[in-house]
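What the sequence shown shows, in my numbering, is residues 326 to 449, in sequence order.
Note that beta-carbon positions come from the ideal geometry of N, C-alpha and C, so glycine has one too.
The structure displayed is predicted, hence computed values, not measured ones.
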Amino acid sequence: MLTTGVDIIEIDRVRQVLERYGQRFLNRVFTPGEIAYCRGRAPNLAARFAAKEATMKALGTGIRGVGWKDIEVVRHESGAPAIKLHQRGETRAQRRGVQEISLSLSHSREYAVAFVVIRSESPG
Numbered sequence: 326m327l328t329t330g331v332d333i334i335e336i337d338r339v340r341q342v343l344e345r346y347g348q349r350f351l352n353r354v355f356t357p358g359e360i361a362y363c364r365g366r367a368p369n370l371a372a373r374f375a376a377k378e379a380t381m382k383a384l385g386t387g388i389r390g391v392g393w394k395d396i397e398v399v400r401h402e403s404g405a406p407a408i409k410l411h412q413r414g415e416t417r418a419q420r421r422g423v424q425e426i427s428l429s430l431s432h433s434r435e436y437a438v439a440f441v442v443i444r445s446e447s448p449g
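The following block contains the structure:
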């Protein structure tokens with residue numbers, strides 16, 4: 326079974342939240358690896374935020390079923406972005422029989438978008 330999730334976010338929204346809440350926002354939503362990679366760059370943070378939302382949609386959990394840091398955007402050796410699940414995200418994926426998660430990220434000056442495709446054994 327294939328499920329998909331997509332999310333688009335205004336980069337300026339992330340920039341404003343970052344300016345207002347700073348490290349508190351970063352520590353609540355992003356893993357240390359994501360924070361280090363993005364180095365405060367709003368477009369990169371926005372793309373990762375969108376990826377987390379898109380993954381939640383594809384997993385069918387919504388924002389209550391999986392925590393922000395249970396979904397991490399990492400990079401393959403090739404440089405392509407990928408999703409790595411932790412704790413509740415990993416538990417949910419195992420329950421659904423997730424076999425593969427594919428991620429595509431993009432951003433322009435104004436928007437960041439993420440598209441996630443999950444291949445699994447059951448709708449779970």
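Around the C-beta of residue i, are 16 or more other C-beta atoms found within 10 angstroms, so that it is buried, or is it exposed?
i      : result
Pro368 : buried
Asp395 : buried
Ile388 : exposed
Ala405 : exposed
Arg417 : buried
Taking the alpha-carbon positions, what's the residue i to residue j distance?
i      : j      : result
Gln419 : Glu359 : 23 Å
Gly390 : Arg413 : 8 Å
Glu446 : Glu425 : 10 Å
Quick one: what does DSSP say residue i is sitting in, helix, strand or coil?
i      : result
Gln386 : The sequence given here places Thr at residue 386; Gln does not occur at that position. Of the three classes helix, strand and coil, the one that applies to Thr386 here is coil, per DSSP.
Gly414 : helix
Gly422 : coil
Thr380 : helix
Gly404 : coil
Residue j and residue i - do their beta-carbons sit closer together than 8 Å?
i      : j      : result
Thr380 : Gly330 : yes
His411 : Ala371 : no
Glu435 : Ile336 : yes
Leu327 : Ala376 : no
Val398 : Arg366 : no
Those runs of the alpha helix (DSSP H) which lie wholly inside the region 326-383 and span at least 4 residues = For the region 326-383, whole alpha helix (DSSP H) runs of length 4 or above, ordered along the chain, are 336-346, 348-354 and 357-363.
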